[in-house]
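The sequence shown runs 44 to 528 under my numbering.
Glycine residues also receive a C-beta, built at the ideal position from the N, C-alpha and C atoms.
Quantities reported herein were computed from a predicted structural model and do not represent experimental measurements.
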Amino acid sequence: MKHINISEGDEIIKEHRTDERNRKVWYDSDDENIKIDISKVPKYRKLRRSENDKVLDGIKYMDRLKEFYSNRVVKTKGNNWVSKARKRAIPTEEISTSDSSEDSDNDKVQKLGQRNIAKVYSSKSSVGIIERFIERNGSSRTHTSIPSTNIDIRRLPNANIQSPSNCVIRSLEFHQGGNYNGNQNAETLLSVSGWDKTVKLFQIDGIDNPMLTSLHFENFPIYESKFSTNGDEMLILGPNKRIGIYNMIRGSIDFLPGIAGRSDKRYWNLTVQNIRNTDPLFALSTYNGNILLLNQRNKQLVRVFKLNGDVTSLSFHPCNNNILISSNNQGELYLWDINTGRCKQRLIDYGSLSITNLSTSNSLIDQSNLNSYILTGSKSGYVNIYDAFPEKSLDIPKYSIDNFTTSISSIAIHPSNEIAAISSKWCKDSLKIIHLSTGTVYKNWPTTRTPLKYVSALDFSKYSGYLAIGNDKGEVLLYQVCHYI
């Protein structure tokens with residue numbers, strides 16, 4: 044009997060494991076008999092190591108292809124993000140919600156009956172990073188007023204370069220948490236979602252933009268997603284009446300099966316109060332002109348409003364969060380008093396037959412001397428800019444922008460309330476930046492060569508002047524307004 048010492052046994056085990064790992068699933072004996080002349084075909088000549096290389100058998104030909112791919116494709120400048128993403132890849136495993144370890148750093152799967160409906164791909168480090176973003180809400184730097192003539196803007200690596208989407212970007216939003224990291228760029232959190240049934244969270248630093256978490260839903264295309272007022276949850280709307288609630292601290296997903304026993308089939312136009320308090324509210328609309336107001340903490344129904352026509356957009360008043368603004372497909376604006384449940388004002392939007400988008404500026408309750416705005420976009424391409432005041436009714440628009448001839452699909456206002464971005468998804472490269480206090484449109488950007496494609500979503504960051512632009516190709520383009528660096 045042959046005796047093997049421990050070290051020799053370990054080597055044999057390692058060799059056996061290596062052989063098992065490298066064993067091919069399929070082996071074709073004819074590969075050795077195939078002869079390929081790589082000197083005659085031009086595209087094969089790049090596989091030669093010397094001019095004498097002419098005929099290769101099938102096995103050597105495959106080895107040359109692997110070598111070429113490894114040296115020429117993977118290591119090419121500009122493709123290094125692929126290897127970085129692979130190093131950062133997180134192995135995932137499914138865990139039932141009934142698992143006793145709720146604080147596990149592994150991946151969690153929420154179940155409804157016996158059917159998996161959502162998966163959260165994250166890691167211990169990413170959960171800690173998300174918690175830091177939620178807890179810190181540093182003050183942004185003070186700046187002089189941005190010029191109204193030209194805008195200085197630069198292109199950065201795509202926000203979702205580590206994990207592009209496979210569909211049109213339906214919704215994206217910057218988290219209000221973040222801070223400056225000592226460099227010119229700030230770090231902040233960006234959510235990206237779409238019809239690929241996935242919500243992704245990226246740590247935006249303007250350089251690598253790593254992905255922190257990915258939430259995948261089964262049979263639940265994402266129509267809208269939004270951070271809660273306190274920043275510790277995400278509210279997610281899909282094609283049915285269920286409302287997804289992602290707890291960013293625990294890393295868990297729950298579903299609200301319905302609202303107060305109502306028989307609504309679907310919800311849309313999700314909006315949240317942007318002032319932190321003990322019981323913040325959020326609003327959404329459904330069929331027949333119904334608007335539902337809910338408590339963010341316990342998800343209980345607070346009030347129901349009803350307007351004429353179909354609800355096209357919702358937003359809370361920038362100077363008074365006790366007022367909810369809604370628009371309909373007949374070109375009308377409604378201002379609702381949340382405390383009394385009554386309509387305070389109803390007016391017809393100037394020049395619009397149907398309002399397609401509504402956006403309000405950042406709340407300035409503690410800085411009421413600064414300008415606040417309400418922007419409306421119409422089906423005819425008009426964008427109206429209204430001055431907003433705490434105790435005054437809306438009057439005629441201060442400015443009207445008529446640079447578009449197609450329906451306005453997205454409006455985003457910078458947190459400084461100085462500029463806004465507007466776009467139309469019905470026309471290629473259709474985006475403009477507006478200086479709000481003067482009502483002028485910047486002419487120097489975007490240019491005819493700016494590769495925006497069909498813009499489907501927009502948002503500005505609170506820190507460092509990031510502008511995220513989602514398009515129909517699944518890309519989230521990232522630009523930076525240099526004035527806010």
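Please confirm whether ASN201 and LEU520 have their CB atoms less than 8 Å apart. Counting from 1 along the sequence shown, the entry for residue 201 is found at position 158. Counting from 1 along the sequence shown, the entry for residue 520 is found at position 477. Going by C-beta atoms, ASN201 is nearer than 8 Å to LEU520.
Among ASN405, THR231 and VAL354, nearest to HIS360 - alpha-carbon criterion: Working through the sequence shown from its first residue, we reach residue 360 at position 317. For the residues ASN405, THR231 and VAL354, the minimum Cα distance to HIS360 belongs to ASN405.
Roughly how far, in whole angstroms, is the beta-carbon of TYR310 from the beta-carbon of LEU280, given that I think they are within contact range, below 8 Å? Residue mapping note: residue 310 aligns to position 267 of the sequence shown, counting from 1. Residue mapping note: residue 280 aligns to position 237 of the sequence shown, counting from 1. About 6 Å separates the two Cβ atoms, so the contact holds.
Near ASN193, which residues of its chain fall below 7 Å by C-beta distance, leaving aside the five closest residues on each side in sequence? On the sequence shown, position 150 is the one that residue 193 refers to. Closer than 7 Å at the Cβ level, and outside the excluded window around ASN193, lie TYR485 and ASN487.
Let's test the definition: count the other Cβ atoms within 10 Å of the Cβ of LYS83 and tell me whether it reaches 16, buried, or not, exposed. Locating residue 83 in the sequence shown gives position 40, counting from the first residue. With fewer than 16 Cβ atoms within 10 Å of its Cβ, LYS83 is classed as exposed.
Simplified DSSP state of GLU110, which is helix, strand or coil: Here residue 110 is taken as the residue at index 67 of the sequence shown, counted from 1. Note: GLU110 maps to helix in three-state DSSP.
For GLU75, which three-state DSSP category applies? Here the question's residue 75 lines up with position 32 in the sequence shown. DSSP places GLU75 in helix when its eight states are reduced to three.
Check whether LEU367 and LEU376 have beta carbons under 8 Å apart: Here residue 367 refers to the residue found at position 324 when the sequence shown is read from its first residue. Here residue 376 refers to the residue found at position 333 when the sequence shown is read from its first residue. Not closer than 8 Å, so no.
Taking the alpha carbon of GLN339 as the point to measure from, which residue in GLY332, LEU479 and LEU324 has its own alpha carbon closest? Your numbering for residue 339 matches position 296 in the sequence shown. Here the closest residue by C-alpha is LEU324.
Since PHE432 and CYS362 are thought to touch, with beta carbons under 8 Å apart, how far apart are those beta carbons, to the nearest angstrom? Taking the first residue of the sequence shown as 1, we reach residue 432 at position 389. Taking the first residue of the sequence shown as 1, we reach residue 362 at position 319. That belief holds up - the Cβ atoms of PHE432 and CYS362 are roughly 6 Å apart, short of 8 Å.
In this structure, how does DSSP classify LYS89 when only helix, strand and coil are distinguished? In the sequence shown, residue 89 corresponds to position 46, counting from 1. LYS89: helix per DSSP, three-state reduction.
Less than 8 Å between the CB atoms is what I'm expecting for ASP502 and LEU232, so what's the real figure, rounded? As a working mapping, residue 502 is identified with position 459 in the sequence shown. As a working mapping, residue 232 is identified with position 189 in the sequence shown. With 8 Å as the limit, ASP502 and LEU232 do not qualify as a contact, their Cβ atoms being about 12 Å apart.
Can you give the Cα-Cα distance for LEU155 and THR403, rounded to whole angstroms? Taking the first residue of the sequence shown as 1, we reach residue 155 at position 112. Taking the first residue of the sequence shown as 1, we reach residue 403 at position 360. Note that LEU155 has pLDDT 31, beneath the 50 cutoff, so the model's placement of it is unreliable and the number below is only indicative. Each residue's alpha carbon lies about 37 Å from the other.
Tell me whether the beta-carbon of LYS468 lies closer than 8 Å to the beta-carbon of SER421. Within the sequence shown, the letter at position 425 stands for residue 468. Within the sequence shown, the letter at position 378 stands for residue 421. It is not a contact, given that the beta carbons lie outside the stated cut-off.
Run through DSSP, which three-state label would GLY508 get? Counted from its first residue, the sequence shown places residue 508 at position 465. Three-state result, GLY508: coil.
Could you please give the first and the last residue of the uninterrupted beta strand (DSSP E) stretch that includes VAL98? Start at 1 with the first residue of the sequence shown, and residue 98 comes out as number 55. Note, VAL98: beta strand (DSSP E), 98-100.
Let me check one thing: in DSSP terms, what residues is CYS386 bridge-paired to? Locating residue 386 in the sequence shown gives position 343, counting from the first residue. Paired residues: TRP379.
Using beta carbons (cut-off 8 Å, strictly below), is ASN363 in contact with chain D? This model lacks chain D altogether, as it is built from one protein chain only.
For ASP409, I'd like the list of residues in its chain whose CB is within less than 7 Å of its CB, leaving aside the five on either flank, ordered along the chain. Position 366 of the sequence shown holds residue 409. Legend: pLDDT at ASP409 = 44, less than 50; position of this residue unreliable, value from coordinates given subsequently. None.
At the level of alpha carbons, what is the spacing between LEU313 and ILE196? Working through the sequence shown from its first residue, we reach residue 313 at position 270. Working through the sequence shown from its first residue, we reach residue 196 at position 153. C-alpha separation (whole angstroms): 30 Å.
For the putative contact between ASP515 and VAL211, defined by C-beta atoms under 8 Å, what is the C-beta separation to the nearest angstrom? Mapped onto the sequence shown, residue 515 falls at position 472. Mapped onto the sequence shown, residue 211 falls at position 168. The pair is a contact, with the Cβ atoms about 5 Å apart (cut-off 8 Å).
DSSP state of ARG115, grouped into three classes? If you number the sequence shown from 1, residue 115 lands on position 72. The answer is helix: DSSP assigns ARG115 an H, G or I state.
For LYS269, count neighbouring C-beta atoms within 10 Å of its own C-beta (all shown protein chains included) and say buried if the count is 16 or more, exposed if not. Residue 269 sits at position 226 when you count from the first residue of the sequence shown. Buried, by the Cβ-count rule.
Distance between ARG285 and LYS534 (C-alpha atoms, nearest Å): There is simply no residue 534 to check, as the chain begins at 44 and stops at 528 in what is shown.
ILE344 versus PRO458 - alpha carbon distance: On the sequence shown, residue 344 is found 301 positions in, with the first residue counted as 1. On the sequence shown, residue 458 is found 415 positions in, with the first residue counted as 1. Strictly speaking, residue 344 in this sequence is Leu, with Ile absent from that position. Cα to Cα, LEU344 sits roughly 29 Å from PRO458.
Nearest to THR448 by CA position, among LYS471, ILE439, GLU434 and GLN523, is which residue? Position 405 of the sequence shown, counting from 1, holds the residue named residue 448. Residue LYS471 is the option with its Cα nearest to THR448.
Cβ neighbours of GLU75 in the same chain (closer than 8 Å, five flanking residues each side left out): Walking along the sequence shown from the start, residue 75 turns up at place 32. So the qualifying residues of the chain are ASP100, GLY101 and ILE102.
Please say whether ASN400 and ILE444 have beta carbons closer to each other than 8 Å? Position 401 of the sequence shown, counting from 1, holds the residue named residue 444. Position 357 of the sequence shown, counting from 1, holds the residue named residue 400. No, Cβ-Cβ distance for ILE444 and ASN400 is not below 8 Å.
Three-state secondary structure (DSSP) of MET277: For this step, residue 277 is matched to residue 234 along the sequence shown. Reduced to three states, the DSSP call for MET277 is strand.
Three-state secondary structure (DSSP) at ASN331? Mapped onto the sequence shown, residue 331 falls at position 288. ASN331: helix per DSSP, three-state reduction.
Same chain only: Cβ atoms within 8 Å of SER452, ignoring 5 sequence neighbours per side: Residue numbering aside, residue 452 sits at position 409 when the sequence shown is read from its first letter. Within the same chain, SER452 has close Cβ partners THR399, ASN400, GLY420, SER466, SER467, LYS468, TRP469, VAL498 and SER499.
C-beta atoms of VAL242 and LEU258 nearer than 8 Å: Residue numbering aside, residue 242 sits at position 199 when the sequence shown is read from its first letter. Residue numbering aside, residue 258 sits at position 215 when the sequence shown is read from its first letter. A contact, by the Cβ cut-off of 8 Å.
For TYR289, does the three-state DSSP call read helix, strand or coil? Position 246 of the sequence shown, counting from 1, holds the residue named residue 289. It is a strand residue.
Assigned exposure category for MET105 - 16 Cβ within 10 Å defines buried: Start at 1 with the first residue of the sequence shown, and residue 105 comes out as number 62. That one is exposed.
Assign LEU474 to one of two classes, buried (16 or more other C-beta atoms within 10 Å of its C-beta) or exposed (fewer than that). Walking along the sequence shown from the start, residue 474 turns up at place 431. Result: buried.
Just confirm the distance between the C-beta atoms of VAL354 and ASN365, as a whole number of angstroms; I'd bet it's less than 8 Å. Counting from one through the sequence shown, the residue named residue 354 turns up at place 311. Counting from one through the sequence shown, the residue named residue 365 turns up at place 322. The Cβ separation is near 19 Å, so there is no contact.
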